[in-house]
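Chains E and U, in that order, are what the protein sequence lines are.
Note that the UniProt record's numbering numbers the first sequence so that position 23 is 23, with each residue one more than the last.
Note that the UniProt record's numbering numbers the second sequence so that position 380 is 380, with each residue one more than the last.
All C-beta atoms in this analysis are idealised placements derived from N, C-alpha and C, irrespective of residue type, glycine included.
Let me begin by presenting the structure, written as structure tokens, before commenting on it.
Protein chains: 2
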Amino acid sequence: MADYRQMWKDLGMDLELHDQLCEVLPTAFGDVYLSQEDRPESMDYYNFVVSEIHGVRPAELIESQKKGGKVFGTFCVFVPDEIIFAADAIATGLCGGSQFWVPGGEKVLPTNTCPLIKASVGARLEKTCPFFRIADMFVGETTCDGKKKAWEILAEDVPIHVMDMPQMKRQKDLDAWTNEISIFKNKVEEFTGNEVTSEKLSQAIKLINDKRRALKRLYEFRKNENLPISGKDVLLISQIAFYDDPTRFASMTNKLCDELDERVKNNISVFTAGTKRIMLTGTPMAIPNWKLHHIVETSGGAVVVEETCTGTRYFENLVDETKTIIDEQIEALTDRYMKINCACFTPNTGRIDDILRLAKEYNVDGIIDVNLKFCNLYDTEGYFVERALKEAGIPVLGIETDYTDQDAEQLRTRVGAFIEMLSNK
Amino acid sequence: MADYRQMWKDLGMDLELHDQLCEVLPTAFGDVYLSQEDRPESMDYYNFVVSEIHGVRPAELIESQKKGGKVFGTFCVFVPDEIIFAADAIATGLCGGSQFWVPGGEKVLPTNTCPLIKASVGARLEKTCPFFRIADMFVGETTCDGKKKAWEILAEDVPIHVMDMPQMKRQKDLDAWTNEISIFKNKVEEFTGNEVTSEKLSQAIKLINDKRRALKRLYEFRKNENLPISGKDVLLISQIAFYDDPTRFASMTNKLCDELDERVKNNISVFTAGTKRIMLTGTPMAIPNWKLHHIVETSGGAVVVEETCTGTRYFENLVDETKTIIDEQIEALTDRYMKINCACFTPNTGRIDDILRLAKEYNVDGIIDVNLKFCNLYDTEGYFVERALKEAGIPVLGIETDYTDQDAEQLRTRVGAFIEMLSNK
Numbered sequence: 001m002a003d004y005r006q007m008w009k010d011l012g013m014d015l016e017l018h019d020q021l022c023e024v025l026p027t028a029f030g031d032v033y034l035s036q037e038d039r040p041e042s043m044d045y046y047n048f049v050v051s052e053i054h055g056v057r058p059a060e061l062i063e064s065q066k067k068g069g070k071v072f073g074t075f076c077v078f079v080p081d082e083i084i085f086a087a088d089a090i091a092t093g094l095c096g097g098s099q100f101w102v103p104g105g106e107k108v109l110p111t112n113t114c115p116l117i118k119a120s121v122g123a124r125l126e127k128t129c130p131f132f133r134i135a136d137m138f139v140g141e142t143t144c145d146g147k148k149k150a151w152e153i154l155a156e157d158v159p160i161h162v163m164d165m166p167q168m169k170r171q172k173d174l175d176a177w178t179n180e181i182s183i184f185k186n187k188v189e190e191f192t193g194n195e196v197t198s199e200k201l202s203q204a205i206k207l208i209n210d211k212r213r214a215l216k217r218l219y220e221f222r223k224n225e226n227l228p229i230s231g232k233d234v235l236l237i238s239q240i241a242f243y244d245d246p247t248r249f250a251s252m253t254n255k256l257c258d259e260l261d262e263r264v265k266n267n268i269s270v271f272t273a274g275t276k277r278i279m280l281t282g283t284p285m286a287i288p289n290w291k292l293h294h295i296v297e298t299s300g301g302a303v304v305v306e307e308t309c310t311g312t313r314y315f316e317n318l319v320d321e322t323k324t325i326i327d328e329q330i331e332a333l334t335d336r337y338m339k340i341n342c343a344c345f346t347p348n349t350g351r352i353d354d355i356l357r358l359a360k361e362y363n364v365d366g367i368i369d370v371n372l373k374f375c376n377l378y379d380t381e382g383y384f385v386e387r388a389l390k391e392a393g394i395p396v397l398g399i400e401t402d403y404t405d406q407d408a409e410q411l412r413t414r415v416g417a418f419i420e421m422l423s424n425k
Numbered sequence: 001m002a003d004y005r006q007m008w009k010d011l012g013m014d015l016e017l018h019d020q021l022c023e024v025l026p027t028a029f030g031d032v033y034l035s036q037e038d039r040p041e042s043m044d045y046y047n048f049v050v051s052e053i054h055g056v057r058p059a060e061l062i063e064s065q066k067k068g069g070k071v072f073g074t075f076c077v078f079v080p081d082e083i084i085f086a087a088d089a090i091a092t093g094l095c096g097g098s099q100f101w102v103p104g105g106e107k108v109l110p111t112n113t114c115p116l117i118k119a120s121v122g123a124r125l126e127k128t129c130p131f132f133r134i135a136d137m138f139v140g141e142t143t144c145d146g147k148k149k150a151w152e153i154l155a156e157d158v159p160i161h162v163m164d165m166p167q168m169k170r171q172k173d174l175d176a177w178t179n180e181i182s183i184f185k186n187k188v189e190e191f192t193g194n195e196v197t198s199e200k201l202s203q204a205i206k207l208i209n210d211k212r213r214a215l216k217r218l219y220e221f222r223k224n225e226n227l228p229i230s231g232k233d234v235l236l237i238s239q240i241a242f243y244d245d246p247t248r249f250a251s252m253t254n255k256l257c258d259e260l261d262e263r264v265k266n267n268i269s270v271f272t273a274g275t276k277r278i279m280l281t282g283t284p285m286a287i288p289n290w291k292l293h294h295i296v297e298t299s300g301g302a303v304v305v306e307e308t309c310t311g312t313r314y315f316e317n318l319v320d321e322t323k324t325i326i327d328e329q330i331e332a333l334t335d336r337y338m339k340i341n342c343a344c345f346t347p348n349t350g351r352i353d354d355i356l357r358l359a360k361e362y363n364v365d366g367i368i369d370v371n372l373k374f375c376n377l378y379d380t381e382g383y384f385v386e387r388a389l390k391e392a393g394i395p396v397l398g399i400e401t402d403y404t405d406q407d408a409e410q411l412r413t414r415v416g417a418f419i420e421m422l423s424n425k
């Protein structure tokens, strides 16, 4: 890793505490990722991004700030990045995926809060993540109780704009979201000093759609019987999509896909024949949360699709690129974003349709419904999801976990038994 | 208790399971309530209501149904009862306050859900509460993740209308709530077949305001140095307010207040001098949840005010009675209801103002911030509440509890130590 200590110091980070994180990450990454055999060569780019995770991209963000650009930190796939990029600003994902940050979050949040929120707040308050130091403004949303109230604590430390997510999907709720996007546009314009013109927004819509298209192309390879890339690797790429430069990300991911095209032609698979095809559905997996993928893929399974916010919910459906008037473009944003079937909506039956569709498209053998501990939304919705899957005759395993390693062995036993059960069917 | 077995059977209740509840309730009530000395004579009415809790009022509701009236079951102080009564229907609170119902809820809901929700769902699904059997329609709201998703499960069993609660309090959010009330009015009209005219709504506004005025009058007595009534008794009255006939409730409560007037004149107090004056703030206490009041009032304290949904949030602020046009009346409802400072809003600084104001008005010595386990909203907001109280020099004790008795001794120790600390100040 290059030396970024001066940069981190300038960002007001807690260097000593941050060193502890820097010490464990390479080992974890080595164990989970570099131990894989026959990875695509183009994964080198993503390996590099992780190896310099708190260096290269933060340095780029700071560079853009020096030129007067603003950086917006976001926590949710509902926040329309298009608006931010259209104002010549940069959006970067900020979710925390490591147990390292959890105790810091627990200093101000209830223990009974999901680890994703605790880690995010901890990363900011304990000054151990450069992205959380760099962001000029944070963008929150009211998608769950835990986040909604956590913003109030973060707001004491940083400027934060909160978008009120409607809790249903009637036409009036869609209109309400359109209005929230307009308010957000005004806020971004005011904060950046840059107008979001229809031309700029058109470009930004294309920019983010290109990222989605690249991810969609990548996921298509997972529908093959021969899997040219592991689920773990795709998860890593999806995680990086949240904060990498979108143009570069799309370009590098398309380059990887070119390599995968070759692999498919040559019938290359990174899994042995008979490996069980697993879908994960449920809560997001923020970097560096690779726990469940690693367990599945070292237990006779391959993760072939994730119906999560770090999976299909992030890239499925494009924003209509044909609109040229700002109001119509914003409606097009609403159309696309409100197609995301998040458990924050009541009801959310569309998600079950998604899962059943994806199960077919990716030809899955079994589904693991994974819930981050204390996420009441996905946990309650799991009741319907698991029932629907049983009715459809698709084997399902419900799992609740957090960022600690305490349950790793127990999970390994349960996942192993589940996959063995699939093999004996 | 009179014999209501045939009625319960007709309601499709699980008589055997229900018998178990009927067996324990009188003992609990006797231990907590009838053991008190020098209670106002007018408490006899409320004692009677509790002794016949699953009999008298349910029989009245069934009687009104026989005449073509509808019964709406509600779970939240934001649902405007006025609309329901204006349609010649009856609103009744449905929240569950007993551990008895929790295991039934846990069959379909995550264990990590607050006991109030688990008990409510359990009471319905296990058929052990007549109110849950009688209601023709349930009215839910999106005030928290747990409830929002629980409605989806209840909706498989009963007709349920969900009101989308805005998560903030900007003007546009108030307008959105006005719109939700209008939609609710249409739904109620359609379901009952009765039009909500401005005249009927005027009467209903007056009806519910009268209940609020009676509760306000009752609470005023708790501002006295001599407390003519215990906190436990006031809690019981507040709990009964949620499902009793509003006219009778106001009348009986005013009768009690007449008696309390006499007590005040005669300097009668049900507590000995030096008893510490305690405010409870936080989550609601549905009947028969008397746990914390009982502990406080048998540990040298008197509960003089509850900043909860079963306390001041239920009755403070009246609906403007001067409006005569339906749209203006609905706006008046919004004005009143959106003054409730619930932790479901972000931010919710008004609640801290309320607590500080109430602490003065009721001359409290200390505050217990009580949170029902797994209520993330109030738990997270407790961070601000407890900090504000410390800054204001008001002693505060944070407590998390549920409906079980497992922590009763530990709570008694903590509450006792807190009150002793107040005495030594």
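Closer than 9 Å to chain U by CB, residue i
i: E/Thr-380; result: yes
i: E/Gln-167; result: yes
i: E/Thr-334; result: no
i: E/Ala-343; result: yes
i: E/Asn-376; result: yes
i: E/Ile-208; result: no
i: E/Ala-392; result: no
i: E/Gly-73; result: no
i: E/Asn-348; result: yes
i: E/Asp-145; result: yes
i: E/Ile-153; result: yes
i: E/Ala-176; result: yes
Residue i: CB within 8 Å of a non-hydrogen atom of the ligand COA
i: U/Ala-302; result: Annotation note on the ligand COA: not contained in the displayed structure, which lists no ligands.
Endpoints, the beta strand (DSSP E) within which residue i is located
i: residue 442 of chain U; result: The displayed coordinates of chain U run from 1 to 425. Any statement about residue 442 of chain U would go beyond what the structure contains.
i: U/Phe-72; result: 71–74
With 16 other Cβ atoms within 10 Å as the buried cut-off, status of residue i
i: residue 512 of chain U; result: Here chain U has residues from 1 to 425 only, and residue 512 of chain U is not among them.
i: U/Ser-35; result: exposed
i: E/Thr-322; result: exposed
i: E/Gln-6; result: exposed
i: U/Pro-166; result: buried
i: U/Gly-393; result: exposed
i: E/Lys-211; result: buried
i: U/Ile-84; result: buried
Bridge partners - residue i, DSSP secondary structure assignment
i: U/Gly-366; result: U/Ile-278
i: U/Val-396; result: U/Ile-367
i: U/Phe-138; result: U/Gly-73 and U/Ile-160
i: U/Ala-302; result: U/Arg-277
Option nearest residue i by Cα separation, candidates the options
i: E/Ile-340; options: E/Thr-312, E/Asn-363 and E/Phe-132; result: E/Thr-312
i: E/Ile-251; options: E/Met-285, E/Asn-363 and E/Asn-209; result: Checking the sequence, you will find Ser at residue 251 of chain E rather than Ile. Closest option to E/Ser-251, Cα to Cα, is E/Asn-209.
i: E/Phe-132; options: E/Pro-347, E/Tyr-243 and E/Val-415; result: E/Tyr-243
i: U/Asp-405; options: U/Ile-295, U/Val-319 and U/Ser-423; result: U/Ile-295
i: E/Val-71; options: E/Gln-410, E/Ile-160, E/Thr-413 and E/Thr-349; result: E/Ile-160
i: E/Ala-408; options: E/Cys-309, E/Glu-156 and E/Trp-290; result: E/Trp-290
i: E/Gly-350; options: E/Leu-280, E/Pro-395, E/Lys-169 and E/Glu-52; result: E/Lys-169
i: U/Ala-388; options: U/Val-364, U/Leu-356, U/Glu-156 and U/Ile-368; result: U/Leu-356
i: E/Asp-81; options: E/Asn-348, E/Asn-266, E/Lys-185 and E/Thr-283; result: E/Lys-185
i: E/Ala-119; options: E/Glu-141, E/Asp-145, E/Asp-136 and E/Ala-150; result: E/Ala-150
Residue i: first and last residue of the uninterrupted alpha helix (DSSP H) it sits in
i: U/His-161; result: U/His-161 -> not in any alpha helix (DSSP H); beta strand (DSSP E) instead, spanning 160–163.
i: U/Glu-381; result: 376–391
i: U/Ala-86; result: 81–86
i: U/Gly-93; result: Element bounds for U/Gly-93: not the alpha helix (DSSP H) but the beta strand (DSSP E), 90–93.
i: U/Ala-417; result: 408–423
Beta carbon proximity, residue i to chain E, threshold 9 Å
i: U/Phe-384; result: yes
i: U/Asp-407; result: no
i: U/Asn-186; result: no
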